[in-house]
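I have placed the structure first, in the form of structure tokens, so that the comments after it can refer back to it.
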Amino acid sequence: MKVVKSLLLGSAAALVAVAGAQAADLPVKAKPVQYVKICTLYGDGFYYIPGSDTCLKFSGYVRADYGYNVRGARTPNYSGAGGAQDRTVANYSTRHRGSFSTDSRTQTAYGVLRTFTQMHMQNENGGDSFTLARAFIQWGGFTFGHTVSFTDHEGSLGDLGTLHSPQNDSNTNVSANGVNQIAYTWQVGNGVTLNVGADERRVKPLVDLSLTSVAAGVNPSSARAGDNHPSPWVSLRINQAWGKASIAVVANHNQASYYTDTLLPGCAGGNTGTTLCGYPSDEWGFAVISGAMIKLDALSPGSRIGFYANYGVGATGYSGGVNLSSPGLYGGGNQIAFGVLTDAVYVNGSGLEQTTAWTVGGGFEYFWTRNFSSVVYGSYTDVSYSDTVVNNRWFCGGSAILVSQATTCDPSFRYWTVGTVQNWYPLRGLRLAVDVMYTGIDSAMDGSTITLTSTQGARPSGTYLAKNQGIASAVFRAQRTW
Numbered sequence: 021m022k023v024v025k026s027l028l029l030g031s032a033a034a035l036v037a038v039a040g041a042q043a044a045d046l047p048v049k050a051k052p053v054q055y056v057k058i059c060t061l062y063g064d065g066f067y068y069i070p071g072s073d074t075c076l077k078f079s080g081y082v083r084a085d086y087g088y089n090v091r092g093a094r095t096p097n098y099s100g101a102g103g104a105q106d107r108t109v110a111n112y113s114t115r116h117r118g119s120f121s122t123d124s125r126t127q128t129a130y131g132v133l134r135t136f137t138q139m140h141m142q143n144e145n146g147g148d149s150f151t152l153a154r155a156f157i158q159w160g161g162f163t164f165g166h167t168v169s170f171t172d173h174e175g176s177l178g179d180l181g182t183l184h185s186p187q188n189d190s191n192t193n194v195s196a197n198g199v200n201q202i203a204y205t206w207q208v209g210n211g212v213t214l215n216v217g218a219d220e221r222r223v224k225p226l227v228d229l230s231l232t233s234v235a236a237g238v239n240p241s242s243a244r245a246g247d248n249h250p251s252p253w254v255s256l257r258i259n260q261a262w263g264k265a266s267i268a269v270v271a272n273h274n275q276a277s278y279y280t281d282t283l284l285p286g287c288a289g290g291n292t293g294t295t296l297c298g299y300p301s302d303e304w305g306f307a308v309i310s311g312a313m314i315k316l317d318a319l320s321p322g323s324r325i326g327f328y329a330n331y332g333v334g335a336t337g338y339s340g341g342v343n344l345s346s347p348g349l350y351g352g353g354n355q356i357a358f359g360v361l362t363d364a365v366y367v368n369g370s371g372l373e374q375t376t377a378w379t380v381g382g383g384f385e386y387f388w389t390r391n392f393s394s395v396v397y398g399s400y401t402d403v404s405y406s407d408t409v410v411n412n413r414w415f416c417g418g419s420a421i422l423v424s425q426a427t428t429c430d431p432s433f434r435y436w437t438v439g440t441v442q443n444w445y446p447l448r449g450l451r452l453a454v455d456v457m458y459t460g461i462d463s464a465m466d467g468s469t470i471t472l473t474s475t476q477g478a479r480p481s482g483t484y485l486a487k488n489q490g491i492a493s494a495v496f497r498a499q500r501t502w
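Going by the numbering used here, the letters in the sequence shown line up with residues 21 to 502, in that order.
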């Protein structure tokens, strides 16, 4: 019996062991693999984020710029230290940039929800910087965030990825790195949109000429009061098979701080520049910004022509250009072409006198082959002051720019450019370009003898002849966009 009992128990144990082993070896159903799927809703390059209905695209570019007679490898040396045109000036300039973008889009009941981010990592003349060029949300017709303004014109033959020329950099009303804004867009139909919104203000100095000593080649110190609100605007844009066009109107609020004259009631002693001194009444400036780009595929695929025209009073950052500066360009024989760029000026006890500026420009691009094009372009900007400012010699009373009583004291000026760009696209996404330009500064005081009491670069103070000047510049660009 003991033998039989042992055999039975051993057999039972073996069966349990085998059953356990078989249970352990049963196959387990694997989780489904989530492959990245291509999203075709918004064009090439989009993919679905696994486990979501959001499409995502990564893109970017690497750019190398090398310039002569420019600063930042893009802006001609017509102002600042570069305008001195002496041995202290670094005529050679470089800028290298890596840019990375993300674009996400999701279908919703109120239209596409889009978020876009673009970051620039840059080295300019040996100095590193990081810039958030884009960060915005679009949904239900609204745009919130940091991007190009809806007010910018369509006629400069450039885009924010491969800007064709420094001429565009000076005359655009918003820099290539965008502006903070809130906007709403109505889709009128047939490629037409009506847009309203408000942007962070693009302002030039508002100057107290009773206090500020104006020098050649630099923007004067500003006596602008603190911002209370953004600049409102409205724009109409059209994008159709023939090309694009736009027109916008922008309002710019000019408000000064306080008078500084100790002879004003309550302003004596240590109270100058305080709330006891009063201030000039606020003024609203404006700018009208328009442009168009027309496709000329009948000449050759990709060919086009563009033009733009801007006009403004008290809003020179829009009508003249956000990157335009007060010129101070020296020539041989103690000559200088100069001007002063402001939104408005005043003296103690006066009101604000707003500055007028207008710009016209355009260009033509012709594709000789599918991967080689030539561009010719030009622009002209006029900045002028009112009769009150000129006739009462506001800029020559205690200023760093002195002229005789027989000489008209008028810091108005004209800024103009002509140039050509040669573009070669040897591979898809690769651009090699050479931009050669000539920049002219025409001074309203041309032919007058003036005394400068401040220095610019190694140019000493002293007597100079105001004379129209020009400067030739060149930029080479290599860019790979992916």
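Even glycine gets a Cβ: it sits at the ideal position worked out from N, Cα and C.
Subject >> Backbone CA spacing between I69 and Y55 [nearest angstrom] >> reply: 10 Å
Original post:
Would DSSP call Q489 helix, strand or coil?
Top reply: strand
Subject >> Boundaries of the beta strand (DSSP E) in which S463 is found, first to last residue >> reply: 450 to 463
**OP:** Name the residue from G298, R117, N354 whose alpha carbon lies nearest to the alpha carbon of L284.
**Re:** G298
**OP:** Take every Cβ of the stretch 310 to 322, pair it with every Cβ of the stretch 363 to 375, and state whether three or more of those distances are shorter than 8 Å.
**Re:** no
Original post:
So which of S345, L61, G246, V423 has the shortest CA-CA distance to G237?
Top reply: S345
Original post:
Three-state secondary structure (DSSP) at W159?
Top reply: strand
Original post:
Under the three-state reduction of DSSP, which class applies to Y445: helix, strand or coil?
Top reply: strand
**OP:** Return the residue from the list L447, D317, Y278, G348 that minimises the CA-CA distance to S242.
**Re:** Y278
Subject >> Classification of H249 by the beta-carbon crowding that lies within 10 angstroms, buried from 16 upward >> reply: exposed
**OP:** Confirm, please, whether the CB-CB distance from T401 to E373 is below 8 Å.
**Re:** no
Original post:
Quick one, which of L229, D466, G449 has its alpha-carbon nearest K487's?
Top reply: D466
Original post:
Under a three-way DSSP split, which group does Y338 fall into?
Top reply: helix
Original post:
So which of N330, R324, I325 has the shortest CA-CA distance to V270?
Top reply: N330
Original post:
From what residue to what residue does the beta strand (DSSP E) around N272 run?
Top reply: 263 to 274
Original post:
Smallest Cα separation from Q275: which of D302, Y130, F306, W253?
Top reply: D302
Subject >> Backbone secondary structure at S185 - three-state DSSP >> reply: Legend: pLDDT at S185 = 47, less than 50; position of this residue unreliable, value from coordinates given subsequently. Three-state result, S185: coil.
**OP:** Spell out a yes or no on whether the stretch 91 to 105 and the stretch 347 to 354 are touching, meaning 3 or more CB-CB pairs, one atom from each, closer than 8 Å.
**Re:** yes
**OP:** Flag this pair as yes or no: are the beta carbons of H116 and Q142 separated by less than 8 Å?
**Re:** yes
**OP:** List the DSSP bridge partners of L349.
**Re:** A357
Original post:
In its own chain, which residues sit with a C-beta less than 6 Å from the C-beta of R134, not counting the 5 before and 5 after it?
Top reply: R125, Q158
Original post:
What number of angstroms, rounded off, separates the C-alpha of G332 from the C-alpha of G71?
Top reply: 52 Å
Subject >> Alpha-carbon to alpha-carbon, W253 and G211 >> reply: 20 Å
Original post:
What does a CB cutoff of less than 7 Å around F156 pick up in its chain, not counting 5 residues either side in sequence?
Top reply: F136, T163, F164, G165, H166, T167
Original post:
Apart from the five residues on each side of it in sequence, which residues of its chain come closer than 6 Å, Cβ to Cβ, to V454?
Top reply: Q442, F496
Subject >> Three CB pairs or more closer than 8 Å across the stretch 215 to 235 and the stretch 197 to 204 >> reply: yes
**OP:** Return the residue from the list F387, P240, I267 that minimises the CA-CA distance to T213.
**Re:** I267
**OP:** Specify the secondary structure class of A43 as computed by DSSP and reduced to three states.
**Re:** In this prediction, A43 has a pLDDT of 48, which is less than 50 and means its spatial position is unreliable; nothing more can be read from the coordinates.
Original post:
Would you report the Cα separation of T440 and V395, rounded to the nearest angstrom?
Top reply: 5 Å
Original post:
So what's F78 in DSSP terms, helix, strand or just coil?
Top reply: strand
Subject >> Through-space distance from F433 to Q489, alpha-carbon basis >> reply: 11 Å
**OP:** Specify the secondary structure class of D402 as computed by DSSP and reduced to three states.
**Re:** strand
Original post:
Closest to Y392 by CA distance: which of Y445, L450, G209 is it?
Top reply: Note on residue identity: the sequence assigns Phe, not Tyr, to residue 392. For F392, the nearest C-alpha among the options comes from Y445.
Original post:
Tell me which same chain residues have a C-beta within less than 6 Å of the C-beta of T108, skipping the five on either side of it?
Top reply: G477, A478
**OP:** Kindly indicate which three-state DSSP category V24 falls into: helix, strand or coil?
**Re:** For V24, the predicted model reports a pLDDT of 46, less than 50, meaning its position is unreliable; a value from the coordinates is still stated below. V24 falls in the helix class under three-state DSSP.
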